[in-house]
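Enquirer: Its first residue numbered 3, the sequence shown is counted upward by one per residue in this note's numbering. Glycine residues also receive a C-beta, built at the ideal position from the N, C-alpha and C atoms. These numbers come from a predicted model, not from an experiment. Here you go, one structure.
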Amino acid sequence: MDRNNTEQETLALLRADASINEEAGRGSHESFIAEGNPSDEVAEFAQIYNLSHKLDHLRKASLLIQGNTSIHELPAITEDEIEALQAETESKWRQPLRLYLTITVTALGAMGQGWAQTSMNGANLYFPKAFGIDTDTPRNNLILGIINSGIYISNGLLGAWLVSPLNRKLGRRGAVFLAAAVSCLSNIGGALTQNWQQLLFFRLVLGCALGIISSTLNVYAAECVPAAIRGGLAVSWQMFCAFGIFIGFVANMAVYDFGPNTWRLQIAGPFLSTIPLLCLIYVCPESPAWHLKHGGRYDLAYYSLAKLRNTELQAAREIYSLYLQRPTKVNVDSSYLQQISELFTIPRIRRATLAAYTVMISQQLCGINIISFYSSTIFADADFSTFGALLASTVFGFINFVGAFPAVWTMDTLGRRSLLLLTLPFMALTMLAASLSFSIENENPAHLWLLASMIYLFCAEYSPGMGPVPAAYTAEVFPLSHREIGVSSAVAMTNIWASALSLTFPALLSTLGSQESFMLYAVLNVVALVLVFLFVPETRLKTLEELDQVFMVPTRRFVVYQVTEYLPWWFERYVLQRNKAELKPVDGVGGYQELEQDFE
């Protein structure tokens, strides 16, 4: 690659990562970006925040942010620093081991959640008989629905809302450690229960713990990962949630013939994933953004970033950029209830809330969690043997895991919104085909093959799109001041919907039958497609701070643009095959136009 082109690309990326909001320079730090010597401003910043011993790195970082100095002309820059800066465009996946360890911790938390879901999938074939609730009655169907949706109910009604206060008091790592310990005990307790009421209690407690883990770890990963690969690494949550689902299915098969205690072993299994999570969480550095939000500790944030980046120069650049970009309009010390209300009253945050809720609800509308919980039951009802149903579900889990890998590369190339718009139509079609398979007689092998293949194909389409996007998208769209409460409220929303769907599915299956139930979810996938198209803007390759500009676009303007500009362009470009069709950008220039906060 030409050296000059490489340097130009690197400088362009540095300018993008360090772009400064015009309003960010006002308020308490106005003097630092007022007229004067930039070098003096950096020195004063370093002195105030106990970073004077890192002044050389900060001075070079300041020059990088200005973007007027060639990398090779920076004073006292080392070969390692030049190589690391150039790698940001040439080898963006070359990151320090500590960053990948942080993502591994996130993966362990996701694995525990996926395994907890599928432990009930296999146990559904056994524990109803053990507790005398296996007959097909409205009461028993309701009990089974509540037990299966227990982790969603408690997550949505309580667990997700504990995220913000626990993160405030304990930090990201402390909140995860506490919740992982509770999760471990809950899985073991559920396996030792003697009646369905006790099992429900432990599932509710487990749901609270999983809500704290999922919300916190998604925010933690988004705050630690560089913008250029944030989407790709954020996929690890869904990927390893899918891996946990697969491991859960394998575990269900491994103990399927252990007699009356089979379901106890299946429910206890997920505790194994919490052990390494408890051991590793404090090996990782605390989130830099958490240090900034709680106490404005730029020094501690710098030390965290230095462990998560290849060089201290990169850490210094990010810290000083964050300082220059920090908003002054939002009160980060507002009360808990006030922050909740601000999710719907501050226009920029309200738009992020709408987008996050849309992707989270759409994930439930598509029907994936119904298949995760009830696939064994669905296959058994289709005349699969017990072992055959578990084996078919295991294949489903494997496809769900492997199918997430393409999202690692496409999340930051195609984009979050594009992945959803590309996969949802095909998910609707495969759900429709699955429903039509029930028109074939059970004795006909084509019935089993068509049903299984359509469920697998649906899973393969879900895994790179609707699977990883919601968690990654929600973790990045909220500003730092409302990030915990925003993410936790979105997680609460998706779990409330998941509770409703899981709670009603046994009765739905009993009332409508398998064919009509799948047909309903085919329609709901179309509903999800429309919602995403109208209310979810793209966030690809934006820093967490640059996303403020994305969500300055009023909702009504964005909806009108999608209907009057984007849709006609798409039809002309891809249906009529007119390659010269041009898409007018939202602001008429090429990006999202920054608008006044009080205009909707």
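From which residue to which residue does the alpha helix (DSSP H) around methionine 468 run?
Expert: Start at 1 with the first residue of the sequence shown, and residue 468 comes out as number 466. From DSSP, methionine 468 is part of no alpha helix (DSSP H); its letter is neither H nor E.
Enquirer: Which same chain residues, not among the five before or five after alanine 230, have their C-beta less than 6 Å away from its C-beta?
Expert: Counting from 1 along the sequence shown, the entry for residue 230 is found at position 228. Same-chain partners within the cutoff: Lys94.
Enquirer: So, with DSSP's three-state summary, where would you put cysteine 226?
Expert: As a working note, residue 226 is residue 224 in the sequence shown. Note: cysteine 226 maps to helix in three-state DSSP.
Enquirer: Taking only three categories from DSSP, how would you classify isoleucine 78?
Expert: The count along the sequence shown starts at 1 and reaches residue 78 at position 76. Per the sequence presented here, residue 78 reads as alanine, with isoleucine not at that position. Alanine 78 falls in the coil class under three-state DSSP.
Enquirer: Can you find the residues in the same chain that come closer than 8 Å, C-beta to C-beta, to tyrosine 322, ignoring five residues on each side of it along the sequence?
Expert: Here the question's residue 322 lines up with position 320 in the sequence shown. Excluding positions up to five away in sequence, the list reads Val44, Phe47, Leu60, Ala63, Ser64 and Ile67.
Enquirer: For histidine 55, count neighbouring Cβ atoms within 10 angstroms of its own Cβ and tell me buried if that reaches 16, exposed if not.
Expert: Looking up residue 55 in the sequence shown gives position 53. Exposed, by the Cβ-count rule.
Enquirer: Are there 16 or more other CB atoms within 10 angstroms of the CB of threonine 566, so buried, or fewer, so exposed?
Expert: If you number the sequence shown from 1, residue 566 lands on position 564. Flag for threonine 566 reads exposed.
Enquirer: Looking at C-alpha atoms only, which residue of Val410, Met122 and Leu434 is the closest neighbour of isoleucine 247?
Expert: What you label residue 247 is simply residue 245 of the sequence shown in a count that begins at 1. When each option's Cα is compared against that of isoleucine 247, the closest is Met122.
Enquirer: For phenylalanine 480, which of helix, strand or coil comes out of DSSP?
Expert: By 1-based counting over the sequence shown, the position of residue 480 is 478. In the structure shown, phenylalanine 480 sits in coil (DSSP, three-state: anything other than H, G, I, E or B).
Enquirer: Which ranges does the alpha helix (DSSP H) cover as unbroken runs of at least 4 residues, wholly within the stretch 524-563, from first to last along the chain?
Expert: List check, alpha helix (DSSP H) in window: 549-552 and 557-563.
Enquirer: Considering only the alpha carbon of each residue, which of Thr513, Val529 and Phe386 lies closest to leucine 127?
Expert: Residue 127 sits at position 125 when you count from the first residue of the sequence shown. Checked all of Thr513, Val529 and Phe386; the closest Cα to leucine 127 is Phe386.
Enquirer: Any C-beta of chain C sitting closer than 9 Å to the C-beta of leucine 267?
Expert: Going by chain labels, chain C is absent from the structure shown, which holds only one protein chain.
Enquirer: Compute the Euclidean distance between the alpha carbons of asparagine 52 and glycine 158, then round it to the nearest angstrom.
Expert: The residue given as residue 52 occupies position 50 in the sequence shown. The residue given as residue 158 occupies position 156 in the sequence shown. Rounded to whole angstroms, asparagine 52 to glycine 158 spans 41 Å at the Cα level.
Enquirer: From glycine 27 to glutamine 327, what does the alpha carbon distance come to, in whole angstroms?
Expert: As a first step, residue 27 must be located in the sequence shown, where it is residue number 25. As a first step, residue 327 must be located in the sequence shown, where it is residue number 325. In this predicted model, glycine 27 has a pLDDT of only 36, less than 50, meaning its place in the structure is not dependable; the value taken from the coordinates is given anyway. Distance between the alpha carbons of glycine 27 and glutamine 327: 7 Å.
Enquirer: For the alpha helix (DSSP H) containing asparagine 123, name the first residue and the last one.
Expert: On the sequence shown, position 121 is the one that residue 123 refers to. Unbroken alpha helix (DSSP H) run through asparagine 123: 99-125.
Enquirer: In the DSSP assignment, find the unbroken alpha helix (DSSP H) run with glycine 191 in it and report its ends.
Expert: Reading the sequence shown from its first residue, position 189 is the one you call residue 191. 165-193 is the span of the alpha helix (DSSP H), which, as asked, contains glycine 191.
Enquirer: Taking all protein chains shown into account, do 16 or more other C-beta atoms lie within 10 angstroms of the C-beta of aspartate 138, making it buried, or fewer, making it exposed?
Expert: Locating residue 138 in the sequence shown gives position 136, counting from the first residue. Exposed: under 16 other Cβ atoms inside 10 Å.
Enquirer: Note the first and the last residue of the continuous alpha helix (DSSP H) segment covering isoleucine 321.
Expert: The residue you call residue 321 lines up with position 319 of the sequence shown. 314-327 is the extent of the alpha helix (DSSP H) around isoleucine 321.
Enquirer: Would you identify the three-state DSSP class for tyrosine 300, choosing helix, strand or coil?
Expert: As a position in the sequence shown, residue 300 is number 298, starting the count at 1. The answer is helix: DSSP assigns tyrosine 300 an H, G or I state.
Enquirer: Between valine 165 and valine 489, what straight-line distance do the alpha-carbon atoms span, to the nearest angstrom?
Expert: Against the sequence shown, residue 165 aligns to sequence position 163. Against the sequence shown, residue 489 aligns to sequence position 487. Cα-Cα distance, rounded: 9 Å.
Enquirer: For leucine 267 versus glycine 114, is the C-beta spacing smaller than 9 Å?
Expert: If you number the sequence shown from 1, residue 267 lands on position 265. If you number the sequence shown from 1, residue 114 lands on position 112. Contact flag unset, no.
Enquirer: How many Å lie between serine 519 and serine 437 at the Cα?
Expert: Here residue 519 is taken as the residue at index 517 of the sequence shown, counted from 1. Here residue 437 is taken as the residue at index 435 of the sequence shown, counted from 1. Spanning the two alpha carbons is a distance of roughly 8 Å.
Enquirer: How about glycine 399 and valine 237: do their beta carbons lie closer than 9 Å?
Expert: Numbered from 1 along the sequence shown, position 397 holds the residue referred to as residue 399. Numbered from 1 along the sequence shown, position 235 holds the residue referred to as residue 237. Contact flag unset, no.
Enquirer: Would DSSP call lysine 586 helix, strand or coil?
Expert: Working through the sequence shown from its first residue, we reach residue 586 at position 584. Lysine 586 falls in the coil class under three-state DSSP.
Enquirer: Along the chain, where does the alpha helix (DSSP H) that runs through isoleucine 342 open and close?
Expert: Here residue 342 corresponds to residue number 340 of the sequence shown, with the count starting at 1. It spans 338-347 - the alpha helix (DSSP H) in which isoleucine 342 sits, taken as one unbroken run.
Enquirer: Could you tell me the alpha carbon to alpha carbon distance between arginine 232 and alanine 177, rounded to whole angstroms?
Expert: Within the sequence shown, residue 232 is the residue found at index 230, counting from 1. Within the sequence shown, residue 177 is the residue found at index 175, counting from 1. Going by the C-alpha atoms only, they are around 22 Å apart.
Enquirer: Cutting at 7 Å between CB atoms, please list the residues of its own chain near glutamine 316, excluding the five before and the five after it.
Expert: The sequence position of residue 316 within the sequence shown is 314, counting from 1. Answer for glutamine 316: Ala86, listed in chain order.
Enquirer: What did DSSP end up calling isoleucine 84 once you bin it into helix, strand or coil?
Expert: Counting from 1 along the sequence shown, the entry for residue 84 is found at position 82. In the structure shown, isoleucine 84 sits in a helix (DSSP, three-state: H, G or I).
Enquirer: Only counting the same chain, and skipping five residues up and downstream in sequence, which positions put a Cβ closer than 6 Å to that of isoleucine 401?
Expert: In the sequence shown, counting from the first residue as 1, residue 401 sits at position 399. Cβ within range, chain order: Tyr458, Cys461 and Ala462.
Enquirer: Consult DSSP for arginine 311 and reduce its assignment to one of helix, strand or coil.
Expert: Taking the first residue of the sequence shown as 1, we reach residue 311 at position 309. Residue state, collapsed to three classes: coil.
Enquirer: Following the continuous alpha helix (DSSP H) through cysteine 281, name the residue where it begins and the one where it ends.
Expert: In the sequence shown, counting from the first residue as 1, residue 281 sits at position 279. Where cysteine 281 is concerned, the enclosing alpha helix (DSSP H) stretches over 273-282.
Enquirer: At the level of alpha carbons, what is the spacing between valine 525 and alanine 430?
Expert: On the sequence shown, residue 525 is found 523 positions in, with the first residue counted as 1. On the sequence shown, residue 430 is found 428 positions in, with the first residue counted as 1. About 7 Å.
Enquirer: Could you please give the first and the last residue of the uninterrupted alpha helix (DSSP H) stretch that includes arginine 61?
Expert: Taking the sequence shown and counting its residues from 1, one reaches residue 61 at position 59. Per DSSP, arginine 61 belongs to the alpha helix (DSSP H) from 57-68.
Enquirer: Where does glutamate 344 land, buried or exposed, given buried means 16+ other C-beta within 10 angstroms?
Expert: Position 342 of the sequence shown, counted from the first residue, corresponds to residue 344. Answer is buried; the Cβ neighbour count reaches 16.
Enquirer: Taking C-beta to C-beta, are glycine 152 and phenylalanine 507 nearer than 9 Å?
Expert: Position 150 of the sequence shown, counted from the first residue, corresponds to residue 152. Position 505 of the sequence shown, counted from the first residue, corresponds to residue 507. No, Cβ-Cβ distance for glycine 152 and phenylalanine 507 is not below 9 Å.
Enquirer: Just to confirm my understanding: we take glutamate 11, look at its own chain, exclude 5 residues before and 5 after, and list those with CB closer than 7 Å. What are they?
Expert: Within the sequence shown, residue 11 is the residue found at index 9, counting from 1. The predicted position of glutamate 11 is uncertain, since its pLDDT is 44 and thus under 50; no value can be drawn from it.
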